[in-house]
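Remarks on the structure that follows.
So, in structure tokens, the structure goes:
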């Protein structure tokens, strides 16, 4: 038994790799938006009316989070609260603000 303890102690102190589970990114989450805002975010006429061009949005990150969370029912935008959690909504808003606009 005494011979096993040093080996067990060495294993306990060994650097172990950390397993990182990839989180879904903004581009993947954008599929929720694409039906109305189109895959490229340009918006325009859709089945539900006229969707905003997200590539040119002037909304701040926090304003986008609010709109995605609560919707804009008067404009045909559904709320995603309860469909996407806070982290996913924030990731989606960041994608719209930082990456979708940069693709132009």
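In our numbering, the protein residues as written are 5 to 108. Backbone N, C-alpha and C fix where the C-beta goes; we use that ideal spot for every residue, glycine too. In this text, all values refer to a predicted model and were calculated from it rather than measured experimentally.
For the beta strand (DSSP E) that residue i lies in, which residues bound it at each end?
{"i": "residue 73", "result": "Premise fails: residue 73 lies in the alpha helix (DSSP H), 65-74, not in any beta strand (DSSP E)."}
{"i": "residue 99", "result": "Run containing residue 99: none; DSSP gives neither H nor E here."}
{"i": "residue 49", "result": "48-50"}
{"i": "residue 55", "result": "53-55"}
Rank the options by C-alpha distance to the C-alpha of residue i and give the top, closest one.
{"i": "residue 61", "options": "80, 29, 41", "result": "41"}
{"i": "residue 53", "options": "78, 90, 36", "result": "78"}
Compute the distance between the beta-carbons of residue i and residue j, then report whether it is under 8 Å.
{"i": "residue 29", "j": "residue 73", "result": "no"}
{"i": "residue 65", "j": "residue 98", "result": "yes"}
{"i": "residue 88", "j": "residue 45", "result": "no"}
{"i": "residue 71", "j": "residue 81", "result": "yes"}
{"i": "residue 47", "j": "residue 55", "result": "yes"}
{"i": "residue 33", "j": "residue 101", "result": "no"}
I'd like the span of the alpha helix (DSSP H) that includes residue i, first residue to last.
{"i": "residue 111", "result": "The shown model of the chain, from 5 to 108, leaves out residue 111, and the question about it has no answer."}
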